[in-house]
Amino acid sequence: MINLDLNEYRETVLEDVRLASEAEMNDVTSEFNKYMTNNLIEAEEFEDFTECYFEGVGKRNKKIQIDGYDFDEVDKSLILVISDFSNEKDIAIINNTQIDKLFSKMEAFLENSVNDYIIDNYEESNMGYELAYLIKERLDETVKFRFYIITDKLMSDRVKLVKKGEIHGKPVELNIWDINRFFNLSQANMKKESIEIDVTKYLDKGLPCILAVDCRNEQYKSYLTMMPGDILAKLYIEYGARLLEGNVRSFLSIRGKVNKQIRNTILNQPEMFFAYNNGIAATATVAECEQNDGGLFITKLIDLQIINGGQTTASIANAVLQDKKDVSNIVVPVKLSIVDNDKAEEIIPVISKCANSQNKVDEADFFSNHPYHIRMEEYSRKTFAPATGGKQYQTIWFYERARGQHTQEQMKLSRTERNKYLLKNPKSQLIKKVDLAKYVNTYNGYPHVVSKGAQFNMRFFAEQIDKQWKKSDEEFNVFYYQKVIALAIIFKETEKIVTNQEWYKEIKSYRANIVTYSLATIFNHIRKELKDFRFDFKRIWNSQNIYKELEDQIVITTKEIFDFITSDERPTLNVTEWCKKEACWTRAEKEKWTFKNEFLMTLISKDDEIEEKSSAYKNRKMENDINAELHVMQLGMAYWKELFKWATERKLISPMENDILKIASEFELTGKLPSARQSKILMNINAKMIEEGYTY
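In our numbering, the protein residues as written are 1 to 696.
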């Protein structure tokens, strides 16, 4: 019998997909694919998803089909996606025969890409042609192929173990994501799907180890062990970048995966690897151990994540795959921290941050709890959008700082309460962190970064915001928040406009690239060519919609951008890949674009915007001042007195800080409270002393 919760989850998915299809004026299957692959991106199953709808016939009349793809730059795996969307009221079953057919279509697409059949027999303008060309171009660097079947059906209990094989000497991995697997992911609040590793599959007895720390009250243990290089390589080759903690993955994707010094040691002095390399730090939620005559052995690991040593891991695997090097004589030291599942989300990021504090992983990489997101969430919950369309109630734009917040809020409500909740927090006004990054980076002139995919774009955004926040967090005020929401409205409306254009209906490709490049072009023109004018974001916020002059301009610009990115003069055949290059945006900036006078007349003077920005900035500064003063008083005189003593003994404060701490350590006696400026300095001193080891 099918679980009722699963039925409800599927109904919610289908309803969301149908609503998105109507709102976006897009094909319902396409919206299903985007909806489900977004879940997989958030769960870090893969980095991005590029739609690529291609169906045809290959050599020997083999049926070919593909719905989308990604290329993982970290573990060098090519991801191909195909969907089986029933869109029926009742849950259907997907069986072995259907799975084999879908697998065969993806396999045929891959084979007919490599043997040039698609390139020789289909038009260059076809997205299948472009993907086939990309596959051929990157075949040598591809480590493995990952096939994904996504479906709203339920996988039959009779489906046998997923088959794995090889294509062109490279391993193939088939992942079936049926509705139940997506449901389980949603129940886990969109965290990564659990990875279970049977260590005895690789080492007969398991991994020899020493229990170094056992803090039962803290729900934490730590083991020291040594992992053979060939075993570490096998784990990375099998599980890929999913083994890497998010910040380590970020570091590798931006800086590159193979460290030359590590590689040199692996190839030329493998016997010295243990001496020269710091090893890896990792976490897991479960480590099953067995004690025998030979000592203690780890036999099973659940949710293994490498939090430091990603380059070591990737370099060893690369030596096996690319250099055909035997790494069995390499020994890698491992510090393994085991954290109970219910504490993992809280503790593992801290362990990761500390483990990476002495290398080049930036603070911005640890961005999920950055105060920027917290402030956006706060504005989201308390800032009501103007009522429009004759509605007698106001709504909010729900900013989802943590995955699944919008859904989780509904789970504890009755059906009536849920309907009321959705009136106030409509799904059409849900904004995720990756969405926000896309809107802001587009506005700031980085469409090539946006085109690189949600995760890469998010990391770039994190670095930019972290710098701006440290310079002046008062810039992120209610004016900024309303501007971001206006950008969201413009972005969503532009997507609809593109979808509805006759020229787009013929190709149904590159919409994401067209939208980000078009809006970036419009804002860039205003910023550089019309310096005394500004776009009127307040008008968008007040009406919660775009206006006719802007709509007409978007119609013109999107067509011009489409012609530009698909021009025969582009140096990269694959349009999606071309849009990812900075050279594409540099060329776009030099182009002459059409701007209608009617649209330009809607711009406002920069003085009007400065006045409103200044007012919002002052209000935010005042709020920050009050918060700092309150926090100082809430901590209390005794707290500051003890911190003052601790910092003085260790000579960690300047004369100026000494004077301010003296005020804070006596304010209940003297009645003299620290000023707003002094309170901010005190909070900085407090943060600095905590980093030095102060506890109260």
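Using N, Cα and C, we set each Cβ at its ideal position, and we do this for glycine too.
- Around the beta carbon of residue 579, a 10 Å sphere encloses 16 or more other beta carbons of the protein chains shown; the residue is thus reported as buried.
- A straight-line Cα-Cα distance of about 29 Å links residue 386 and residue 14.
- For the segment 589–647, the full-length alpha helix (DSSP H) segments reaching 4 residues or more read 597–600 and 606–635 along the chain.
- Here residue 571 is exposed, its C-beta having fewer than 16 other C-beta atoms within 10 Å.
- With a contact defined as Cβ atoms closer than 8 Å, residue 244 and residue 306 qualify at about 5 Å.
- Here DSSP, grouped into helix, strand and coil, assigns residue 60 to helix.
- The continuous beta strand (DSSP E) containing residue 166 extends over residues 165–167.
- Unbroken alpha helix (DSSP H) stretches of 4 residues or longer found wholly inside the segment 400–438: 405–411 and 415–424, given in chain order.
- Residue 11 and residue 89 have their C-alpha atoms spaced approximately 8 Å apart.
- Your pair residue 513 and residue 133 does not check out as a contact, with CB atoms roughly 17 Å apart and the cut at 8 Å.
- Under the DSSP assignment, residue 501 falls outside any alpha helix (DSSP H); it carries neither an H nor an E label.
- Taken atom to atom, the span from the alpha-carbon of residue 389 to that of residue 499 is near 24 Å.
- A direct Cα-Cα distance of roughly 32 Å separates residue 290 from residue 43.
- For residue 109, the uninterrupted alpha helix (DSSP H) run begins and ends at 96–114, by DSSP.
- Straight-line measurement puts the Cα of residue 519 at about 8 Å from the Cα of residue 554.
- Rounded to the nearest angstrom, the Cβ distance from residue 33 to residue 77 is 19 Å, too far for a contact under 8 Å.
- Under the three-state reduction of DSSP output, residue 230 falls in the helix class.
- Contact annotation: the segment 628–635 touches the segment 674–691, with at least three C-beta pairs closer than 8 Å.
- Restricting attention to 661, 314, 107 and 296, the CA atom closest to the CA of residue 230 is found in 314.
- For residue 454, the closest of 435, 661, 464 and 467 by C-alpha to C-alpha distance is 435.
- Rounded to the nearest angstrom, the Cβ distance from residue 239 to residue 195 is 6 Å, consistent with a contact under 8 Å.
- By the criterion of at least three beta-carbon pairs nearer than 8 Å, the segment 288–304 is not in contact with the segment 115–125.
- The distance from the Cβ of residue 266 to that of residue 327 is about 6 Å, consistent with a contact at the 8 Å cut-off.
- The three-state secondary structure of residue 177, taken from DSSP, is strand.
- If you look at residue 307, you'll find it in the beta strand (DSSP E) that goes 305–308.
- Residue pairing by DSSP places residue 395 opposite 385 in a beta bridge.
- Bounds of the alpha helix (DSSP H) holding residue 117 are 117–121.
- DSSP, read as helix, strand or coil, puts residue 18 in helix.
- Linking residue 662 to residue 644 through their CA atoms gives a straight-line distance of about 7 Å.
- Bridge pairing for residue 295: 292 [DSSP].
- DSSP lists 226 as the bridge partner or partners of residue 333.
- Assigned with DSSP and collapsed to three states, residue 134 falls in helix.
- Along the length of the segment 523–564, whole alpha helix (DSSP H) runs at least 4 residues long occupy 537–543, reported in chain order.
- In the DSSP assignment, residue 449 falls within the unbroken alpha helix (DSSP H) covering 447–450.
- If you check the CB distance, residue 534 and residue 608 come in under 9 Å.
- In this structure, the beta-carbon distance from residue 374 to residue 400 does not fall below 9 Å.
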